[in-house]
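What follows is a single structure, written as structure tokens, with notes after it.
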Amino acid sequence: DAGITQSPRYKITETGRQVTLMCHQTWSHSYMFWYRQDLGHGLRLIYYSAAADITDKGEVPDGYVVSRSKTENFPLTLESATRSQTSVYFCASSEIGQTYEQYFGPGTRLTVT
Amino acid sequence: GQQLNQSPQSMFIQEGEDVSMNCTSSSIFNTWLWYKQDPGEGPVLLIALYKAGELTSNGRLTAQFGITRKDSFLNISASIPSDVGIYFCAGQRPGTTDSWGKLQFGAGTQVVVTP
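Sequence order for the protein chains is A and B.
FYI, in this note's numbering the residues of the first sequence are 1 to 113.
FYI, in this note's numbering the residues of the second sequence are 1001 to 1115.
This is how it looks when you write it as structure tokens:
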């Protein structure tokens, strides 16, 4: 029972390169989210998805692209990485219904040089 | 951006002491959640609150949903070394279906426990 996993856990890339961060959940949750965590800013929502093929922007979407062809996967792509995108990225999932509880993955630490 | 004010920003306490932290907002919320984050890991849900005035416990942790719906409190009793970490509050504001599931987070409270 893996729950929610992210890969890679650590990534170093160069400015201008494309990077894809993977998120996989085994609960069949409808909602999935991508956050970035930076000192002084806490957790900020990048994109979220209510179901397969339904995605929407969060608070800081610029420079990121998401897709969700399958319920269990929600990859986040940095099309042309910039140093300002150096951060820790967390994926989370939540089930539709009366609760708003989100369950987080272990995170991906991304460094853009 | 963040609309939740979480305090204190950090706490240095001795093992065995009780810990209190709170989260406030100028807006009302219909859900309050408390998370703990260990170094190098993702936040883990500790307690969820859904009704104004609700008081819920999880072991040595107790959280309350403020009666004004604009605040929430987390208490940790008899702290132990493994309580070290960052504690986050998160809230869900009432609104349209477009806002469903979007949580607002506090900046976190860093707890350090000394023997």
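Note that the Cβ used here is the ideal one computed from N, Cα and C, for glycine as well.
Per the DSSP secondary-structure output, THR77/A pairs in a beta bridge with THR20/A and VAL65/A. Taking a C-beta distance under 8 Å as the contact criterion, GLN1104/B and GLY1095/B do not qualify as a contact pair. Looking at the DSSP output, LEU39/A bridges to nothing. A distance below 8 Å between beta-carbons, with the five flanking residues on each side excluded, links PRO1115/B to the following residues of its chain, in chain order: GLN1014, GLU1015 and PRO1081. For THR82/A, no Cβ of chain B is located within less than 8 Å of the residue's own Cβ. The beta carbon of PHE74/A does not come within 8 Å of any beta carbon belonging to chain B, so the residue lies off that interface.
By the C-beta density criterion, PRO8/A is exposed, having fewer than 16 other C-beta atoms within 10 angstroms.
For SER84/A, the three-state secondary structure derived from DSSP is helix. Linking GLY1059/B to ARG17/A through their CA atoms gives a straight-line distance of about 47 Å. Straight through space, the alpha carbons of GLY1085/B and ALA50/A are spaced by roughly 31 Å.
Closer than 9 Å at the C-beta level to chain B, one finds these residues of the segment 99 to 110 of chain A: THR99, TYR100, GLU101, GLN102, TYR103, PHE104, GLY105, PRO106, GLY107 and ARG109. DSSP places LEU1033/B in the uninterrupted beta strand (DSSP E) bounded by 1031 to 1037. The DSSP-derived three-state label of SER1027/B is coil.
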